[in-house]
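This report concerns only the one structure given below.
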């Protein structure tokens, strides 16, 4: 049973990004949740950390490619391209060095930008870009704060987020 669940989750990690083309909001947020919890499922099922990191980072990059494809036609396509390029450097350096610190130096600003803009599009359609421009500093302040702490906790401190949350609530 564990092997089937492992294969299913890994398949989802590679297939879900394709749905971004038709459902950027829903597929983006489901993918975000899956990427947040997948390690807590796959590693206890027996997937070794090295293999998990390799699969996870490859699946992440597939997601980034589809975010780029979808974002190419959005009004924020320039920001999408720049954040994709930044994370691509981090991905390449990680695979060359296996040093997770590369993710801190080349953070994934693409995903939160994509999710915020997809959310604006789903709820405000024609006004999404105007809202983005009006709240540019607030949006980017959030993205920077969120991603630097996230990249630090995940790739520098190597703190398991589930354990961190559990410890916070057990005080």
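Numbering (the numbering used here), first residue to last: -10 to 160.
For glycine and all other residues, C-beta sits at the position ideal for the given N, C-alpha and C.
As the structure is a prediction and not an experimental result, all values here were calculated from the model.
Residue i - DSSP class collapsed to helix/strand/coil
i	result
residue 60	helix
residue 88	coil
residue 33	coil
residue 65	coil
residue 13	helix
residue 96	coil
Residue i versus residue j - alpha carbon distance
i	j	result
residue 103	residue -7	31 Å
residue 61	residue 71	11 Å
residue -1	residue 26	12 Å
residue 137	residue 76	13 Å
residue 73	residue 30	28 Å
residue 133	residue 64	20 Å
residue 135	residue 128	11 Å
residue 85	residue 43	12 Å
residue 21	residue 145	20 Å
residue 69	residue 158	36 Å
residue 12	residue 19	10 Å
Close Cβ partners of residue i (< 7 Å) along its chain, the five nearest in sequence each way excluded
i	result
residue 111	14
residue 80	46 and 50
residue 17	9, 103, 104 and 107
residue 66	60
residue 55	6, 7, 9 and 10
residue 117	106, 109 and 110
residue 40	none
Chain-order list of residues whose beta-carbon lies under 6 Å from that of residue i (same chain, five-residue window excluded)
i	result
residue 48	2 and 3
residue 34	-9 and -5
residue 113	120
Residue-level contact to chain C via CB, residue i, 7 Å cutoff
i	result
residue 132	No chain C appears in this structure, which consists of one protein chain only.
Sequence-distant residues of its chain with Cβ nearer than 8 Å to residue i (five each side left out)
i	result
residue 36	-5 and 44
residue 83	46, 89, 91 and 92
Which ranges does the alpha helix (DSSP H) cover as unbroken runs of at least 4 residues, wholly within the region 103 to 152, from first to last along the chain?
-> Fully enclosed alpha helix (DSSP H) runs of no fewer than 4 residues occupy 117 to 123 and 125 to 140 of the region 103 to 152, in order along the chain.
Contact the region 114 to 125 vs the region 86 to 100: 3+ CB pairs below 8 Å | Put simply, the region 114 to 125 does not touch the region 86 to 100. Fewer than three CB pairs are less than 8 Å apart.
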